[in-house]
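Going line by line, the protein sequences match chains A and B. Letter by letter, the first sequence follows residues 20 to 416 of the working numbering. Letter by letter, the second sequence follows residues -17 to 340 of the working numbering. The beta carbon of each residue, even a glycine, is placed where N, CA and C say it ideally should be. Just so you know, these numbers come straight off a predicted model, no measurement behind them. Report on the following structure.
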Amino acid sequence: MVKKLIVILSIISLMAAFGCGDKAEKKANKDEYKFGLIMVGPHNDHGWSQAHYEGGEYVEKHIPGTKMIYIDKVNPADRPGVTIPQIVDDMVEKGAKFIIANSDDMSDGTLEAAKQHPDVSFIHISGDHALTGKAPKNLGNLMGKMEYGKMMAGYTAALTSKTGKIGFLGPLLNDETRRLASAAYLGAKYAWEEVLKKDPKDLKFEVIWIGFWFNIPGVTADPTQVTQNFYNKGCDVVISGIDTTEATIVADQERKKGKKVWAVPYDYKGACKGTASSCLGVPYFNWGPSYVKNIKAAMAGNLKSEWVWAGPDWKDINNEDTSAVGFEAGAALSAENKKQLDQFIVELGSGKLNLFKGPLNYQDGSVFLKKGEVASDKQIWYMKQLLKGMIGQSSTK
Amino acid sequence: MTIIKEENTTISLLKDISLTALFVFIFTTLIITISGAPPFEAYENIIRGAFGSYSKFGQVIKVWIPLTLCSCGLLYTFKINLWNIGIEGQMIMGAVFGMAAFKYIPGTCPAALTILIAFIAGLTGGAIWALFAGFLKTFGGVNEIFAGLGMNFVAQSIILWLIFGPWKREGIASMSGTEQLSEPLWLSTFTKMRISPTAIVLTVASILITAFILKYTKVGLGLKAIGSNMQSAFMYKLKPTSYMLLAMIFAGGFAGLAGTMQVTGVYHRLIPTISSNYGYLALFVVMLANYNVWAAPLVALFFACLNVGSIQLPMVLQIDSSLSGVIQGALVLATLGVQSFKTMKKKRREYNNSNGRV
């Protein structure tokens, strides 16, 4: 009986296996320029990785003859034992001449792989090897000037908040995340003090770090719980700094329970989708244009090892062909506040308003920017602490 | 387990393997077909992903090394009828101890010596961790499965605490891992295959040593005697307690070695998932190999091929990447299925035999 069943099942699966195998057309186009995209999260995460994935699709659309090879969820929790050099070896064997690694977590692995493949061009997103001089000739860095996006996030959050308590759902603690959390705080502070003319003491801006870019059960703190705690503590807006969309999802659930709360997701233009009632808007990355620029340069053979920090196109920060970062206003943002936001963006763009301008102190009271001093790119990139006035762990002492 | 000696171990082993493979084949083919992808291409890609190039096969060997080391360790504990599920934690502690050596030995020490000390430290760390579970078993009367699981949790907490706390990178708090080791402390590799001759030599030596100890020494005999029949062991004046602890030391030692290997040979740093579940996987390797020291490395190789090859599925066929997990899950289930099927059959045979004889 059992044996018969086994025989029948194996015949069926054999037929399925070989029957369907009339080879899908495998025309390996030799003129194709292949580029590899290594993503830390799922390619459909409505966040960080999806923004990159769609950037890759943008390249395929705008440079004829290019083809993307991608792999997602490349992190030790989802793919134990898999390393970046291993993936790169494989992509290069598949013909990739250009590799994009999209996570800070891949910093060491990308450097190692770039040294192993001097003929292949590498872009490590959010890293600084090209700035510190560690990078070989074939490795460059790219990042968007998201601090502007985060200022807008903080700005809308403070304008909307009724309680003046804002939570920042932080990923892990490093230069990048300190920079972005601080930028959000500066935006919120500006809205609170200069636009609403409210008492600075009444603005509470708290950061909680979960330990990684997204939830890893048993390893990181659970972002869903952290967000719930923010709302339970009286925060009515949570700004997400992580790769995934837990903050807006929780905000929506709380709204269904009758709480008047909002959230600001991160990374991906479409992140508000499905959570319209609570989503104030999303600061997002638009990788496509920068990718196109880099890959075109590599195809022409003149890609340099550069550290690039691409800003928004202030004429239209939501122009998908020119702006590296943008802010998509959400349905929950009131018309009045939207107008204020547009004005804020104009002022930022014209240079009339610069929030990274002294006097600004670090959390421990030490000076970050003297009175009147405007922060250089490097000062903003390498922030050693959170700013004075923010609540939350600042450094790792 | 080892009570009744099968007459034709090789043949029955081959039967087991092919039966498991068949189960997995049927199951995954159905799953892939349902998900709308071509199964044949999926298999082809897995095979190519494992053997398609030097670097790919090098990767297989990289996975094979820790799997085989853990399997070697488990052969001792299975021999004496202990379920050393704590192997995962022992591997983690091996990595922690190895990393500690790398961290605290001054840079003036020659790299080769540092690596050697790290290996010894890792081996010791794993062995100590296994001894805890062993003591709980022998003196505390705690079943080794629970003791082991408990110790795994503790080991996991320790490694998380170290990475997020005392051993974090300068100015950074991330579960991503510790600072990278300086390059001289990486195991040197063949350029094309990227595998380390040191690691291979150590692994092959581990297999040979395990085979020798288990087959030709008094220790091996003692383990086997106690594992087969506790009562008779007492008659021969063997001390089960010391033998159990000894088996745990061996298991933990090999696992610890694997852990250190992950640090210096693969990740070049300490990460939260440094053990990559190889310990748990090794339990199945040894079971599928029918506790045979020569078969275990082969089964480990097969598992390693699957592990490495399945990465091709999301890359080439855009099958949701979790399908590779489904295949591995199916493998594990099929392994269990085959085992229980065998015991069931054996029991029925025994029952029939005893009835027939009376």
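Contacts of residue i in chain A (Cβ-Cβ under 8 angstroms)
{"i": "residue 341(B)", "result": "Residue 341(B) lies beyond the stretch modelled for chain B, which goes from -17 to 340, so this question has no answer here."}
{"i": "residue 248(B)", "result": "100 and 102"}
Contacts that residue i makes with chain B (C-beta to C-beta distance below 8 angstroms)
{"i": "residue 403(A)", "result": "153"}
{"i": "residue 230(A)", "result": "146, 155, 156 and 157"}
{"i": "residue 191(A)", "result": "154, 155, 156, 157 and 158"}
Collapsed DSSP secondary structure at residue i in the structure displayed
{"i": "residue 233(A)", "result": "coil"}
{"i": "residue 409(A)", "result": "strand"}
{"i": "residue 177(B)", "result": "coil"}
{"i": "residue 143(A)", "result": "strand"}
{"i": "residue 157(B)", "result": "coil"}
{"i": "residue 221(B)", "result": "coil"}
{"i": "residue 245(B)", "result": "helix"}
{"i": "residue 321(A)", "result": "coil"}
{"i": "residue 336(B)", "result": "helix"}
{"i": "residue 303(A)", "result": "strand"}
{"i": "residue 390(A)", "result": "coil"}
{"i": "residue 57(B)", "result": "helix"}
{"i": "residue 172(B)", "result": "coil"}
{"i": "residue 224(A)", "result": "strand"}
{"i": "residue 283(A)", "result": "strand"}
{"i": "residue 39(A)", "result": "In this prediction, residue 39(A) scores a pLDDT of 45, lower than 50, which makes its location untrustworthy; the coordinate-derived value is nonetheless stated afterwards. Note: residue 39(A) maps to coil in three-state DSSP."}
{"i": "residue 167(A)", "result": "helix"}
{"i": "residue 271(B)", "result": "coil"}
{"i": "residue 257(A)", "result": "strand"}
{"i": "residue 402(A)", "result": "coil"}
Proximal residues of chain A, C-beta to C-beta of residue i below 9 angstroms
{"i": "residue 293(B)", "result": "90, 98, 101, 105, 106 and 109"}
{"i": "residue 253(B)", "result": "95"}
{"i": "residue 72(B)", "result": "In chain order: nothing, as chain A lies at least about 17 angstroms away."}
{"i": "residue 27(B)", "result": "Under the 9 angstroms cutoff, chain A gives no residues; its nearest Cβ is about 11 angstroms from residue 27(B)."}
{"i": "residue 227(B)", "result": "By Cβ distance, chain A contributes nothing, its closest Cβ being about 30 angstroms from residue 227(B), past 9 angstroms."}
{"i": "residue 259(B)", "result": "99 and 100"}
{"i": "residue 142(B)", "result": "230, 237 and 238"}
Counted within 10 angstroms of its Cβ, other Cβ atoms place residue i as buried (16 or more) or exposed
{"i": "residue 239(B)", "result": "buried"}
{"i": "residue 164(B)", "result": "exposed"}
{"i": "residue 330(B)", "result": "exposed"}
{"i": "residue 44(A)", "result": "In this predicted model, residue 44(A) has a pLDDT of only 41, less than 50, meaning its place in the structure is not dependable; the value taken from the coordinates is given anyway. The residue in question, residue 44(A), is exposed, as its Cβ has fewer than 16 Cβ neighbours within 10 Å."}
{"i": "residue 73(A)", "result": "buried"}
{"i": "residue 50(A)", "result": "exposed"}
Contact set between residue i and chain B, taken where Cβ atoms lie within less than 7 angstroms
{"i": "residue 414(A)", "result": "153"}
{"i": "residue 427(A)", "result": "Outside the shown range of chain A, which is 20 to 416, sits residue 427(A), and nothing can be said about it."}
{"i": "residue 124(A)", "result": "158"}
{"i": "residue 251(A)", "result": "Neighbours of residue 251(A) on chain B: none; closest Cβ ~24 angstroms, over 7 angstroms."}
{"i": "residue 147(A)", "result": "Result: empty, since nearest Cβ-Cβ is about 12 angstroms, beyond 7 angstroms."}
{"i": "residue 199(A)", "result": "Under the 7 angstroms cutoff, chain B gives no residues; its nearest Cβ is about 15 angstroms from residue 199(A)."}
{"i": "residue 255(A)", "result": "The premise fails here: residue 255(A) is roughly 28 angstroms from chain B at the closest Cβ pair, so nothing lies under 7 angstroms."}
Contact with chain C by residue i, beta-carbon distance below 9 angstroms
{"i": "residue 321(B)", "result": "This model lacks chain C altogether; the protein chains it does include are A and B."}
Beta-carbon neighbours of residue i, restricted to chain B and to distances below 9 angstroms
{"i": "residue 112(A)", "result": "34, 35, 37 and 38"}
{"i": "residue 239(A)", "result": "157"}
{"i": "residue 235(A)", "result": "157, 254 and 255"}
Closer than 7 angstroms at the beta carbon, the chain A residues around residue i
{"i": "residue 170(B)", "result": "Going along chain A, no residue has its Cβ under 7 angstroms from residue 170(B), so there is no contact; the nearest lies around 14 angstroms."}
{"i": "residue 183(B)", "result": "Going along chain A, no residue has its Cβ under 7 angstroms from residue 183(B), so there is no contact; the nearest lies around 21 angstroms."}
{"i": "residue 279(B)", "result": "Here the premise fails: no neighbours, minimum Cβ distance about 18 angstroms."}
Residue i Cβ short of 8 angstroms to the ligand SAH heavy atom set
{"i": "residue 344(A)", "result": "Of the ligands one can find in the structure shown there are none, so the ligand SAH has no counterpart to examine."}
Can we say the region 90 to 104 of chain B touches the region 42 to 56 of chain B, given the rule of at least three CB pairs closer than 8 angstroms?
no
Are there three or more Cβ pairs, one per stretch, closer than 8 angstroms when the region 271 to 278 of chain A is compared with the region 95 to 111 of chain A?
no
If we require 3 or more residues per run, which beta strand (DSSP E) segments fall completely within the region 50 to 107 of chain A?
52 to 57 and 85 to 90
Looking at C-beta atoms only, is the number of pairs between the region 222 to 238 of chain A and the region 256 to 269 of chain A that lie closer than 8 angstroms three or more?
yes
Does the region 66 to 81 of chain A touch the region 310 to 319 of chain A, meaning 3 or more C-beta pairs lie closer than 8 angstroms?
yes
Report yes or no: do the region 15 to 28 of chain B and the region 282 to 295 of chain B share at least 3 C-beta pairs separated by less than 8 angstroms?
The region 15 to 28 of chain B, when compared against the region 282 to 295 of chain B, does touch it at the 8 angstroms Cβ threshold.
With three or more beta-carbon pairs closer than 8 angstroms as the criterion, would you say the region 77 to 97 of chain B touches the region 261 to 274 of chain B?
no
Just to confirm the assignment: which complete alpha helix (DSSP H) runs, minimum length 4, are found wholly within the region 8 to 77 of chain B?
21 to 33 and 36 to 61
Segments assigned alpha helix (DSSP H), at least 4 residues, entirely inside the region 79 to 144 of chain B
93 to 120
Closer than 8 angstroms is the cut-off here; do at least three beta carbon pairs connect the region 179 to 186 of chain A with the region 357 to 364 of chain A?
no
For a minimum of 3 consecutive residues, which ranges assigned as the beta strand (DSSP E) are wholly contained in the region 307 to 374 of chain A?
Counting only runs of 3 or more, we get 326 to 329 and 344 to 348.
Evaluate contact between the region 129 to 148 of chain A and the region 166 to 178 of chain A, counting only Cβ atoms and requiring at least three cross-stretch pairs below 8 angstroms.
no
If contact is defined by three or more beta carbon pairs under 8 angstroms, each pair taking one atom from either stretch, is the region 195 to 210 of chain B in contact with the region 141 to 155 of chain B?
no
Could you tell me whether the region 200 to 219 of chain A touches the region 236 to 254 of chain A, using the rule of 3 or more Cβ pairs below 8 angstroms?
Verdict: no, contact absent.
Do the region 231 to 246 of chain B and the region 105 to 116 of chain B touch if we need at least three Cβ pairs shorter than 8 angstroms?
yes
Which runs of the beta strand (DSSP E), 3 residues or longer, sit entirely within the region 164 to 208 of chain A?
184 to 189
Assess, as a yes-or-no matter, whether the region 220 to 231 of chain B is touched by the region 109 to 128 of chain B under the definition of 3 or more beta carbon pairs within less than 8 angstroms.
Counting Cβ pairs under 8 angstroms, three or more are found: they touch.
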